[in-house]
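Student: Here this note's numbering is used: the first residue of the sequence shown is 184, the next is one more, and so on.
For every residue, glycine included, the Cβ atom is placed at its ideal position computed from N, Cα and C.
Dumping the structure here so I can ask a few things about it.
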Amino acid sequence: MSRRRKAISPAIVSRYFEAFLELLLAERGASANTIAAYRHDLGDAAEFLCGTDMSRKAALDDASTDDLRRYLKNLESRGMATRTSARRLSTLRQFYRFLYADGLRADDPSAILESPRQGRSLPKILSEADVGALLDAAAARDGPDGKRICALVELCYATGMRVTELVGLPLATVQRDPEVLIVRGKGDKERMVPLSEPARQAVRDYLEVRGTFVPEGTTNPFLFAGRGGKHLTRQRFFQLLKDLAEKADLDPRKVSPHVLRHAFATHLLHHDADLRSVQQMLGHADISTTQIYTHVLDERMRKLVADHHPLASRVNAN
């Protein structure tokens, strides 16, 4: 039986660990969850590199390319998912780039490492008919709860917002019935997303009953008010959406706020939106993230060639 290694604090192993995290906070506006993930990933690498079962011990700051290769091999032997290993390597790359850029190391040991190969799965989506059924089920709900879930689903599908962006929308954002919604996303960056008329109407209807969700004598700055002056929780919206899916005769396991975000992007591309515009509306910093939806573009381009290329008619005739 292998002996379990004692955990080593990365703050001790690396003199520059906390400075690296401060950079993430200052320049990228990293969330607490992101910082925790980086802390865990670098801590795991530091623990391995300084472990007693290593033929060559190395501090995280001084690790060589071969040391990092051994670490990646160790992740594989532990049965780590390829996607997780790739994320760990991405964390290490950013750390060593920081050391190199600030002159704290003369080289970047991660520069020539290859990322673990991973297949890229297509996002789960709902068909346009499925989303229509979901919206119809929301519109059929009576009372304040019905108007709230209707506004939530309409906004989610109409804008492609992340669930945290949706539930955290400030009330002031919609009070003037805007045609364009300003969304504050990752890294505290703002983006503009056009609002459809059905979404605007759903918000207007909800605002008429919003007061029932705010205790008398109190105020709440969020559009979707929750308890104690906070906003509706992500977990509560998930639950409301699952309940709505059952009413719409859809599999609740296939319905989530993120699936609605995927549906927003896929349906836009299917109706001839360009990838760059979809990237901006989703709030993706890099176009490569949005390219997961290119399966829709590929299908459309094949049809375009088949229908309009001058050689296509000759092939069909033969």
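Using a Cβ-Cβ cut-off of 7 Å (strictly less than) and excluding sequence neighbours within five positions of Leu-275, which residues of its own chain qualify?
Tutor: Ala-228, Leu-251 and Ser-293
Student: Using 8 Å as the threshold, is the stretch 313-331 in touch with the stretch 419-437, meaning 3 or more CB pairs across them?
Tutor: yes
Student: In the DSSP assignment, find the unbroken beta strand (DSSP E) run with Arg-367 in it and report its ends.
Tutor: Segment 363-367, the beta strand (DSSP E) holding Arg-367.
Student: Could you give the first and the last residue of the continuous beta strand (DSSP E) run that contains Glu-399?
Tutor: Where Glu-399 is concerned, there is no enclosing beta strand (DSSP E), given that its DSSP letter is neither H nor E.
Student: Looking only at C-alpha atoms, which of Ala-323, Thr-416 and Tyr-279 sits nearest to Val-350?
Tutor: Thr-416
Student: Please state whether the Cβ-Cβ distance between Leu-443 and Cys-333 is less than 7 Å.
Tutor: The answer is no: Cβ separation not under 7 Å.
Student: Using alpha carbons as the reference points, say which of Gly-409, Pro-440 and Gly-411 lies closest to Leu-424.
Tutor: Pro-440
Student: What are the start and end residues of each continuous beta strand (DSSP E) run of 3 or more residues lying completely inside the stretch 320-383, in chain order?
Tutor: Segments of the beta strand (DSSP E) lying fully in the stretch 320-383: 363-367 and 373-377.
Student: Do Ala-320 and Ser-379 come within 7 Å of each other at the CB atom, strictly closer than that value?
Tutor: Against a cut-off of 7 Å, the Cβ pair of Ala-320 and Ser-379 comes out as no contact.
Student: In the DSSP assignment, what are the bridge partners of Ala-408?
Tutor: For Ala-408, the beta-bridge partners assigned by DSSP are His-414.
Student: Is Ile-470 closer than 7 Å to Gln-462 when the C-beta atoms are compared?
Tutor: yes
Student: Name the two residues that bound the continuous alpha helix (DSSP H) containing Glu-205.
Tutor: 200-211
Student: Please identify the residue among Gln-418, Leu-207 and Val-357 whose C-alpha is closest to the C-alpha of Tyr-534.
Tutor: A query on residue 534 cannot be resolved here, the shown segment of the chain reaching from 184 to 501 and no further.
Student: For Ala-284, tell me which candidate among Tyr-199, Val-438, Thr-473 and Glu-311 has the shortest Cα-Cα distance.
Tutor: The residue from Tyr-199, Val-438, Thr-473 and Glu-311 with its alpha-carbon nearest to that of Ala-284 is Tyr-199.
Student: Tell me whether His-441 sits in a helix, a strand or coil according to DSSP, three-state version.
Tutor: helix
Student: So what does DSSP say about Pro-435, is it helix, strand or coil?
Tutor: helix
Student: Distance, Cα to Cα, Ala-242 vs Pro-299?
Tutor: 23 Å
Student: Is Gly-315 helix, strand or coil by DSSP?
Tutor: helix
Student: Is it true that the CB of Val-386 sits closer than 7 Å to the CB of Arg-374?
Tutor: no
Student: Confirm, please, whether the CB-CB distance from Ala-428 to Val-438 is below 7 Å.
Tutor: yes
Student: Given Asp-371, which residues of its chain have a CB within under 7 Å of its CB, disregarding the five upstream and five downstream residues?
Tutor: Gly-212
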